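Peer 1: In the working numbering, the protein residues as written are 36 to 122. I'd like to ask some things about the structure below.
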Amino acid sequence: MNLEELKEKQMAQMKKKDCLPKDQIEVVLHLVEEVGEVAEAIRENQSKEDFENEVADVLWQLNKLAWIRGINLEEVFLRKLKKNEER
Ligand SMILES: [Mg+2]
Numbered sequence: 036m037n038l039e040e041l042k043e044k045q046m047a048q049m050k051k052k053d054c055l056p057k058d059q060i061e062v063v064l065h066l067v068e069e070v071g072e073v074a075e076a077i078r079e080n081q082s083k084e085d086f087e088n089e090v091a092d093v094l095w096q097l098n099k100l101a102w103i104r105g106i107n108l109e110e111v112f113l114r115k116l117k118k119n120e121e122r
């Protein structure tokens, strides 16, 4: 499963639960919060599973932002990779 498929799967689940994201500022705040939880997991030497869950939470929020903004994360990332390669 690729990134876009993961995003679509997540959004289908959120739609089913009637909780599709609407406010991008709210999503960004959640994204920052989740990044903080990743840092906390490292600082507190939490279990690998807890750390992985926090990393997944970051992707969850990033997917929401990408969905609201109509961004294909794979395309954007590949473009960035190519740009960095050419530097
Ligand atoms: Mg979390």
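Glycine included, each C-beta is placed from N, C-alpha and C at the ideal position. Nothing here was measured: the structure is a model prediction, and the numbers come from that model.
Would you check if there are 3 or more beta carbon pairs closer than 8 Å linking the region 62-70 to the region 83-97?
Peer 2: With a cut-off of 8 Å, the region 83-97 and the region 62-70 count as touching, because enough Cβ pairs lie within range.
Peer 1: Inspect the beta-carbon positions of proline 56 and isoleucine 103 and report whether they are closer than 7 Å.
Peer 2: Walking along the sequence shown from the start, residue 56 turns up at place 21. Walking along the sequence shown from the start, residue 103 turns up at place 68. Contact: yes.
Peer 1: Where do the ends of the alpha helix (DSSP H) carrying glycine 105 lie?
Peer 2: Taking the first residue of the sequence shown as position 1, residue 105 is located at position 70. No alpha helix (DSSP H) holds glycine 105; DSSP gives it neither H nor E.
Peer 1: Return the first residue and the last residue of the alpha helix (DSSP H) that leucine 38 is part of.
Peer 2: As a working mapping, residue 38 is identified with position 3 in the sequence shown. Residues 38-51.
Peer 1: Per DSSP, what kind of secondary structure is arginine 122 in: helix, strand or coil?
Peer 2: As a working note, residue 122 is residue 87 in the sequence shown. In this structure, arginine 122 counts as coil in the three-state DSSP scheme.
Peer 1: Could you tell me the alpha carbon to alpha carbon distance between glutamate 79 and alanine 91, rounded to whole angstroms?
Peer 2: For the purposes of this step, residue 79 is identified with residue 44 of the sequence shown, where counting begins at 1. For the purposes of this step, residue 91 is identified with residue 56 of the sequence shown, where counting begins at 1. Whole-angstrom Cα-Cα distance: 18 Å.
Peer 1: Anything with a beta carbon under 7 Å from a heavy atom of ligand 1 counts; list them all in chain order.
Peer 2: Here the list is Glu69, Glu72, Asn88, Glu89, Asp92.
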